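Note sheet for the following structure.
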Amino acid sequence: MHPTQAKQTPFGGYRLAASIFDSARICSRGRGLGWPLGRSAREGAGPALEGQAPFLVSICCCLFILFLFLSELTGFITTEVVNELYVDDPDKDSGGKIDVSLNISLPNLHCELVGLDIQDEMGRHEVGHIDNSMKIPLNNGVGCRFEGQFSINKVPGNFHVSTHSATAQPQNPDMTHIIHKLSFGDTLQVQNVHGAFNALGGADRLTSNPLASHDYILKIVPTVYEDKSGKQRYSYQYTVANKEYVAYSHTGRIIPAIWFRYDLSPITVKYTERRQPLYRFITTICAIIGGTFTVAGILDSCIFTASEAWKKIQLGKMH
0 MHPTQAKQTP FGGYRLAASI FDSARICSRG RGLGWPLGRS AREGAGPALE
50 GQAPFLVSIC CCLFILFLFL SELTGFITTE VVNELYVDDP DKDSGGKIDV
100 SLNISLPNLH CELVGLDIQD EMGRHEVGHI DNSMKIPLNN GVGCRFEGQF
150 SINKVPGNFH VSTHSATAQP QNPDMTHIIH KLSFGDTLQV QNVHGAFNAL
200 GGADRLTSNP LASHDYILKI VPTVYEDKSG KQRYSYQYTV ANKEYVAYSH
250 TGRIIPAIWF RYDLSPITVK YTERRQPLYR FITTICAIIG GTFTVAGILD
300 SCIFTASEAW KKIQLGKMH
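Quick look at the structure:
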């Protein structure tokens, strides 16, 4: 019987499938490398095993190819972010400076008492920093929200929120607070990167001792993000440890403050956006199709051989 004249099976659509797969069989070598339906239709689909099993193998192979193709296509169009570590200063054009963004609320301290002080090992000591900063009254003027952008040198140091710059020092300043944001460098809003760029965001110390000082010890890690176009953005992640204490000296209790003591790590983390090359995608697709064809031919040969052996056994029993 000609392949395109194979009889209808219970699965339906056998004629069309046989015609399609026999066309692919013409391009293969030898009798055993054709598509499963080709030989079954050529030899005659007598028993159910010979007619139905190769058809199911072919359908499964097509579904398998489709699944792998869609998986590879998803990987091809998806941007991958890879990371690496190295020892270097990534942002040499910054002039040895790091931009800092701080947003903190002190609900029980008046705005006229709140100030920002900066000092480091290069000799910088600035009390009451006011550039690029804003104070927003809270709770009808009882509290204050401080927002500021400033720069620090790339050397160990600290910046702290305190009442040191106030004209008259209060007796019992309440340093309970909430940190909304503390970040360094450029802001990175990338979904594929999960880093500690705002590790103190949401830190709530409202239930702490009002007269206690707070020490936040930061280890700053330089971070570079490079997109597909080669544009780089420089940010900084950081780890944090903190302690709360009431300090005393020989003259009595020391005025509390909120300290951010920092040091820089020599290790730089770099994130790079990458997309799978087109040639690799094409090579993978060809390998999937070719490999599936080969496995389908092997399965078809096994089914055909088993079917022929079963026929011989049945004929032997009849005689």
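Residue numbers (numbering that gives the first Met the number 0): 0 to 318.
Backbone N, C-alpha and C fix where the C-beta goes; we use that ideal spot for every residue, glycine too.
Computed from a predicted structure; not experimentally measured.
In three-state DSSP terms, what is residue i?
i      : result
Arg279 : helix
Val126 : coil
Pro196 : Residue identity check: residue 196 is Phe in the sequence provided, not Pro. Note: Phe196 maps to coil in three-state DSSP.
Gln313 : helix
Val154 : coil
Ser300 : helix
Leu210 : coil
Thr166 : coil
Glu120 : coil
Leu55  : helix
Leu187 : coil
Leu108 : coil
Just grab the DSSP bridge partners of residue i for me.
i      : result
Thr231 : Here residue 231 is Gln; the residue named in the question, Thr, does not match the sequence. The partner list for Gln231 (beta bridge, DSSP) reads Glu225.
Val160 : Leu115, Ile257
Arg252 : Tyr247
Asp90  : DSSP output for Asp90 lists no bridge partner at all.
Leu217 : Val239, Tyr261
Ile266 : Val86
Asp203 : Ile177
Gly147 : Leu101, Ser132
Glu272 : Val80
Considering residue i, what are the terminal residues of the beta strand (DSSP E) in which it resides?
i      : result
Val99  : 96–105
Ser182 : 177–184
Leu137 : 132–137
Val141 : No beta strand (DSSP E) holds Val141; DSSP gives it neither H nor E.
Leu84  : 79–86
Since residue i and residue j should fall inside the 8 Å C-beta cutoff, what is the C-beta to C-beta distance between them, to a whole number of angstroms?
i      : j      : result
Val154 : Asp98  : The Cβ separation is near 15 Å, so there is no contact.
Leu176 : Leu105 : With the sequence shown as reference, residue 176 is identified as His, and Leu is not the correct amino acid for it. Indeed they touch by this definition, with Cβ atoms about 5 Å apart.
Gly140 : His109 : 7 Å
Gly114 : Ser182 : In fact, because the Cβ distance is near 21 Å, the residues do not count as touching under 8 Å.
Trp258 : His213 : 7 Å
Ala198 : Tyr237 : 6 Å
Thr78  : Lys227 : 7 Å
Gly147 : Asn171 : Not confirmed; about 25 Å, so no contact.
For residue i, collect the residues of the same chain with a Cβ closer than 7 Å to its Cβ; drop the 5 residues on either side in sequence, then sort them by chain order.
i      : result
Arg28  : Only weak support exists for where Arg28 lies, its pLDDT of 40 falling under 50; the value from the coordinates is given anyway. Hits under 7 Å: none found.
Arg339 : Missing from the structure shown is residue 339; the chain here goes from 0 to 318 and no further.
Gly74  : Gln275
Val220 : Tyr235, Gln236, Tyr237, Ser264, Ile266, Val268
Cys60  : Thr291, Ala295
Gln168 : Thr162, Ile254
Please return the same chain residues whose Cβ sits closer than 6 Å to the Cβ of residue i, not counting the five positions on each side in sequence.
i      : result
Arg260 : Asn157, Ile216
Pro209 : Asp173, Thr175
Thr271 : Val81, Glu225
His179 : Asn102
Gly200 : Lys180
Met121 : Asn152, Val154
Leu298 : Val56
Lys242 : Asp214
Arg144 : Ser104, Ile135, Leu137
Kindly list the residues whose CB is nearer than 8 Å to the CB of residue i, restricted to its own chain and excluding five residues on each side of it in sequence; keep chain order.
i      : result
Lys96  : Ser150, Ile151, Asn152, Lys153
Leu84  : Ile266, Thr267, Val268, Lys269
Ile287 : Ile64, Leu67, Phe68, Glu71
Val86  : Pro265, Ile266, Thr267
Thr283 : Glu71
Val126 : Gly114, Asp116, His163, Ser164
Arg123 : Ile117, Asn152, Gly156
Thr250 : none
Ala211 : Met174, Glu243, Tyr244, Val245, Pro255
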